[in-house]
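With numbering that gives the first Met the number 0 applied, the sequence shown covers 0 to 259. Remarks on the structure that follows.
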Amino acid sequence: MRAARVLTAAVLAASLAACSTSNTPEGATSSSAAAGSGTVVVYAAASLQATFEKLGTSFSAANPGTTVKFSFGGSSGLLTQLQQGAPADVFATADTPTMDKAEAASLVTDPQPFATNVLTIATAPGNPKGIGTLADLAKPGVSVVVCAQPVPCGTATAKVTKAAGVTLTPVSEEDSVSSVLAKVRHGQADAGLVYRTDVKGTKGAVASVDFPEADGAVNVYPIAPLTGAKNADGAKRFVDFVRGTEGRAALADAGFGAPN
């Protein structure tokens with residue numbers, strides 16, 4: 000009987016020792032393995048789509064078990080969705096005023112700049128209307144499409160046209176820069192005011208005409224985790240990735256400038 004009690008005690012001690020060697024509950028992963036895992040939901044300005052989709056693939060490869068889900072659109076429209084409770088982990092805008100509104104509403108934490116961009120005039124290949132200046136967009140017979148305000152590209156458009164003393168009569172005002180570009184690409188307008196990175200991303204599908212007034216309306220792009228992020232760790236890791244070496248290289252390759 001005494002031998003049986005000794006054996007039972009030994010088995011119990013061994014079981015307790017085995018439990019103490021593991022910091023991970025049964026059916027769960029360790030904190031290091033889980034860090035950044037799951038889905039990271041990113042709301043980002045339309046002009047970031049091509050670059051962010053590439054970075055999302057790279058981020059997932061560098062963080063096994065992690066996927067990145069994007070929602071792209073005009074920054075102001077995305078902000079409205081977030082204010083209405085849309086779930087997201089990261090917010091990246093095409094200007095600081097929109098991010099400032101998000102921060103004032105306690106939607107984001109510690110926004111940081113990561114890129115800059117400026118406007119250019121997008122035209123059909125070969126520039127058939129012979130557009131050479133911003134003022135040419137106001138000439139009779141030139142159909143122009145722009146971003147609506149308060150979309151960041153619309154705000155920048157208003158700023159450069161005011162500085163140049165040019166009054167435009169657009170055939171349409173779009174809620175995102177990608178929509179402006181699409182109308183030029185599909186021949187629905189002779190020209191449109193978009194970001195330089197947008198034209199570069201078309202790989203020759205549209206031409207561009209730079210104009211000096213654009214340098215007076217440089218858009219700074221900030222990025223931040225959402226305060227209510229379900230995947231807070233993944234959000235922080237993605238923000239750091241975008242602002243890190245690989246993110247900066249991808250943004251530069253797409254034509255974005257670096258923030259000061």
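Think of the CB as a built atom: it goes at the ideal place given N, C-alpha and C, for glycine as much as any other residue. All figures in this text were calculated on a predicted structure; none of them were measured in a lab.
query, result
"Supposed close pair F90, A188 - CB separation, criterion 8 Å", "In fact, because the Cβ distance is near 30 Å, the residues do not count as touching under 8 Å."
"Cβ-Cβ distance between V141 and K128 below 8 Å", "yes"
"Inter-stretch contact at 8 Å, needing at least 3 Cβ pairs: the segment 33 to 50 / the segment 61 to 76", "yes"
"Stretch-stretch touch, CB-based, cutoff 8 Å, three pairs: the segment 199 to 212 with the segment 108 to 116", "no"
"Limits of the beta strand (DSSP E) - the one that P264 falls within", "One cannot answer for residue 264 here, as it falls past the ends of the chain, which runs 0 to 259."
"Cβ neighbours of V238 in the same chain (closer than 8 Å, five flanking residues each side left out)", "V89, Q111, I222, A223 and P224"
"Outcome for S19 when other beta-carbon atoms lying within 10 angstroms are tallied against a minimum of 16", "Legend: pLDDT at S19 = 37, less than 50; position of this residue unreliable, no value from coordinates given."
"Neighbour-count burial assignment, N259, 16 or more Cβ in a 10 Å radius", "exposed"
"T79 classed as buried or exposed, judged by whether at least 16 other C-beta atoms fall within 10 angstroms", "exposed"
"Under 8 Å between C-beta atoms of E245 and S57", "yes"
"Residues that DSSP places opposite L192 in a beta bridge", "I120"
"Given 8 Å, three or more beta-carbon pairs between the segment 173 to 184 and the segment 230 to 237", "no"
"Cβ shell of F75 (< 7 Å), same chain only, five flanking positions each side left out", "Residue identity check: residue 75 is Ser in the sequence provided, not Phe. Once the five neighbours on either side are set aside, the close Cβ partners of S75 are T97, P149 and V150."
"Helix, strand or coil at A114 according to DSSP, with G and I counted as helix", "strand"
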